[in-house]
Amino acid sequence: MRLNPLLALSAFALLGHASAMAADPPVIGLVTKTETNPFFVKMKEGAVEAAKKSGAKVVASAGKADGDNAGQVTAMENLVAAGAKTILITPNDSKAIVPAIKKARDKGVQVIALDSPADPADATDALFATDNYKAGVLIGEYAKAAMAGKPAKIITIDLLPGHPVGAQRHNGFLKGMGLTTFEAKSNELAKPSEVVCMADGFGDQAKSQTAMENCLQKVPAVDVVYTINEPAAAGVFNALKKAGKDKGVIIVSVDGGCQGIRDVAAGKIAATSQQYPLKMAAMGVDAGVEYAKSGKKASGYVDTGVTLIAKNPVAGIDSKDTKTGMDLCWGKK
Amino acid sequence: MNTMTTSSTPSPAERKFHLPPVGTFGPFIALLIACTFFAFQSDRFLSGENLSLILQQVAVVGVIAIGQTLVILTGGIDLSCGMVMALGSIVMTKFATDLGLPPAIAICCGLAVTMLFGLVNGLLVTRLGLPPFIVTLGTLNIAFAITQLYSSSQTITDLPDALTWLGNTFGLGGTNVAYGTVLMLVLYGIAWFWLRETASGRHVYAVGNNAEATRLTGIPTHRVLLGVYVLAGLFYGLASLLSVARTGVGDPNAGQTENLDAITAVVLGGTSLFGGRGIVLGSLVGALIVGVFRNGLTLMGVSSVYQILVTGVLVILAVAADQLSRKGVR
Amino acid sequence: MQTTSTRPAVMKATGLVKRYGQVTALDGADFELRAGEILAVIGDNGAGKSSLIKALSGATIPDEGQILLDGQEVRFKSPIDARRAGIETVYQELAVAPAMNISENLFLGREIRRPGFLGNVLRMLDKRRMLEESTARMQDLKVGIRSMTQAVETLSGGQRQCVAVSRAAAFAQHVVIMDEPTAALGVKEGNMVLELIRRVRDKGLPVVLISHNMPHVFEIADRIHVARLGKRAAVLDPKKISMSDTVAVMTGALKASELPAECLA
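Below is the structure:
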């Protein structure tokens, strides 16, 4: 993959001015899952911002697509060769990336996992991540409370089979709803009988709309719809609106991007679990700067937090309003 | 002095086992079989509302597939179609919202951009003689990057009604049909007529079937190829409009799998990847086959993984059937 | 009966020169094609045979020399110029589109449109008329293919070449040039094509036939143009000269001046 050295070079060129600030700025590598997902775009921006403030240099790279492990391995090797003393990585494949992590750590490089852990989790020095299972639980609890004890007919519009993040959010949601589900470690999507339709929208708005339209043909009435992320929720809302069924349906999601919070404020999404990619990135950069300064490595798991954002609060559930959500959101405000 | 007669004894080539020409009706029969199967699995399947939905769901890929059919008929392939479609939708929506241009102008600008990409593809293929696979692989990435940069990776919302008008429906025979569906059918009709009944349309087939022979008859093959790529760009742009109308937003992350989806539709429809053979209506049937399976399997509660598996099997069957009906099995 | 020596020249070329870098392909070559004849052009590899034909069909532009068509000087910049001047060429590689039918191939590049609105505005093709014309032309040339709507790829190699020859004959006004038309065919198929070529000549179109196949040449040619070392070595009468002597002239073992006068045509 010849693209990575080029990416590294261009990142160096772009951040050239940062080097003027410190004598020898610490180089921090960032390897995200993909270039395209807005979540990682924001993470990268957050890292660059934090680096500017503390006089470090961030070199960013990524896999080619969700699940591309080889690309991330190459990226890590190139970053170590380019002099990165700390590497922040959101692993595409939590098991397969471990040898590459070990190689880097053996060379004295600090490796911190962001957003998703490696497997085993202690393969990295530290983990700064959203608890995706907890994110699911929060929105599940909200939906359950909003149903006020009535049994709910549920539709889930998921990512794709076997994806860890998709499974954690899905299973966490079902747990929050008080239904039979799998634990956080599982990559399988649970399907209790209350889930009347389960379809994959691949996190894409148009494809999620198609999936929801097809589900609505199967089961004409629904109470709660779980969606893997906010673009999927937008597609689901479209499908419901076109069928004239959007009134009273509780749509829940995860992400907390600014567009998603706007959709919550507009009443399209009932509640969403907001996560903080910028915080993950900033913490990672700080850890990198600290390591370069004092040789002290970060350690352990830091939950970067998940906040339930809802327009209409429900009794017994702790949530924040959309104004807070907008203040903290990632994306274009 | 021997007179020439039609060869009544079959030549060795003809003695092999041949399927009757499945290229023409095979895909349609496959679609009918699929529909029959799903009709038995769920009584919702054949309802007017469900069928109208399927037509709306395949519209974007369906229209992209028209452009893709043209390119494949010339023996080429266009991997950039999905990304160009996404770029077109971003241009249309941003021009209408950020720049405040009247929707009609914004739409035309989007079409101009997609046709420009078609022109670039065509020039690289004809002037520099580069293989279409490589060229469109490059323009795919360029279109993607421009889309992400120009939109800052944000979806564009709050669109004027005119941009989403094609998503509106009208009543027909007890169900609701979207205007976008009508547009898709009209575009297919125009493409089918052009390819079948006009000289320039037949030249597309000729170039794909034997480019050298076509050149020797005096037909300007480079102009035909260039025209095909630009025309394909126009269809991608129209698909952009359909995409915007369907989702109500300009989505910079749309179109990522549409290139393979369109190629699948074209192959399932019986068009040969080697060029020179195929019917554009087949691509509509191909797109419908995929849409029917996706809808039908969801109605049956079957995981989407099986839909992907079925699509893969169908593609191989389609290509094999085409080969068997033409070349026969030894 | 008019002997070939008194027939007018349809196409004439004098002093053609063509250089490709260091190599001189045509070194002052002459050429003459008379009305109503089949002129075979033979020569060893590198003799300048294909360069001569390319110059005559417009595929290359000669550096020096003159080409006259019906007495008028012509300069071809491309094969299309030659076609417009009424010269059609049949190529060795089967220049047909296999998936398209015979009628379509015959009219490829010269399609007939429907009259009136359908043709002028909608640009619709008059498929029925093209079919009728194709059937008529092929019957005229006694080519025994029954259906014009069958795809060319269902035909044998000989039949396909007949389609290509018929196409050239249908549209040529002055000259038909055939470049090794039977080279890729078997014996029976080759004979089929030769028959057709005779019929084309009998219809009044002179034919230039490039061939390596001596038996074929001796079977249908009226005169034989021997190319050697970029020039015209001799023009021979196949009825008077033997095949082996012809080959000798071709290789240079025998010079034209050493031949009895009656062998020259």
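Chains as they are written, first to last, in the working numbering: chain R, 883 to 1215; chain B, 116 to 445; chain U, 33 to 297.
The C-beta atom is built at its ideal place from N, Cα and C for all residues, glycine as well.
Just so we're clear, the structure is a prediction, and the values are computed from it rather than from any experiment.
Ranking 70/U, 75/U and 69/U by CA distance to the CA of residue 264/U puts 75/U first. Rounded to the nearest whole angstrom, the C-alpha separation of residue 47/U and residue 266/U is 15 Å. Assigned with DSSP and collapsed to three states, residue 257/U falls in strand. In this structure, the beta-carbon distance from residue 382/B to residue 430/B falls below 8 Å. Inclusion of residue 1081/R and residue 413/B in the CB contact set at 8 Å is warranted, their separation being smaller than that value. Residue 173/U carries a coil assignment under DSSP once its states are collapsed to helix, strand and coil. Counting the other Cβ atoms within 10 Å of the Cβ of residue 93/U gives fewer than 16, which makes it exposed.
Put simply, of 998/R, 966/R, 934/R and 994/R the residue whose alpha carbon is nearest the alpha carbon of residue 948/R is 998/R. Contact note: residue 361/B does not reach chain U at a C-beta cutoff of 7 Å; the least C-beta distance is about 32 Å. The stretch 353 to 371 of chain B and the stretch 188 to 203 of chain B touch, with three or more beta-carbon pairs separated by less than 8 Å. Taken in chain order, the complete alpha helix (DSSP H) segments of 4 or more residues contained in the stretch 175 to 251 of chain U are 189 to 203 and 219 to 234.
Among the residues facing chain R, residue 425/B is not included, as its CB has no counterpart in that chain under 8 Å away. Rounded to the nearest angstrom, the gap between the Cα atoms of residue 400/B and residue 49/U is 59 Å.
By the neighbour-count criterion, in which 16 or more other beta carbons inside 10 Å mark a residue as buried, residue 1186/R falls on the buried side. By the CB criterion at 8 Å, residue 344/B and residue 175/B fall outside the cutoff. Residue 1108/R sits in a strand when the DSSP states are folded into three classes. Residue 209/U does not reach chain B, its nearest Cβ partner there being about 12 Å away, counting only Cβ pairs nearer than 8 Å.
Sixteen is the threshold: when 16 or more other Cβ atoms of the shown chains lie within 10 Å of the Cβ of residue 1110/R, as they do, the residue is buried. For residue 268/B, the closest Cβ of chain R is nearer than 8 Å. Setting aside the 5 residues that flank it on each side, residue 1191/R is surrounded in the same chain by 1138, 1143, 1146, 1153, 1154, 1155, 1156, 1201, 1202, 1203, 1204, 1206 and 1207, each with a C-beta closer than 8 Å to its C-beta; the list follows chain order. Not a single C-beta of chain U is nearer than 8 Å to the C-beta of residue 338/B. Flagged as an interface residue toward chain B: residue 1095/R, by a C-beta distance shorter than 8 Å. Restricting attention to beta strand (DSSP E) runs no shorter than 3 residues, the stretch 41 to 87 of chain U encloses them at 41 to 52, 55 to 66 and 70 to 75, ordered along the chain. Between residue 290/B and residue 157/U, the CB-CB gap reaches or exceeds 8 Å.
In this structure, the straight-line span from the alpha carbon of residue 215/U to that of residue 223/U is close to 11 Å.
Taken through DSSP and simplified to helix, strand or coil, residue 195/B comes out as coil. Residue 160/B and residue 1037/R have their C-alpha atoms spaced approximately 19 Å apart. By the neighbour-count criterion, in which 16 or more other beta carbons inside 10 Å mark a residue as buried, residue 164/U falls on the exposed side. Look at the stretch 363 to 397 of chain B: the residues with a C-beta under 7 Å from a C-beta of chain U are 391 and 392. Residues of the stretch 148 to 177 of chain U with a Cβ closer than 7 Å to any Cβ of chain B, in chain order: 155, 156, 157, 174, 175, 176 and 177. Counting other Cβ atoms within 10 Å of its Cβ, residue 275/U stays below 16 and is therefore classed as exposed. Contact annotation: in the stretch 172 to 196 of chain B, residues whose CB is within less than 8 Å of a CB in chain R are 172 and 175. Under the Cβ criterion of 8 Å, residue 418/B is counted among the residues facing chain R. DSSP, read as helix, strand or coil, puts residue 1214/R in coil.
Scanning the stretch 983 to 1043 of chain R for uninterrupted beta strand (DSSP E) segments of 3 residues or longer gives 992 to 996, 1008 to 1011 and 1036 to 1040, listed from N- to C-terminal end.
When 9 Å is used as the limit between beta carbons, residue 1204/R is near no residue of chain B, the shortest such separation being about 16 Å.
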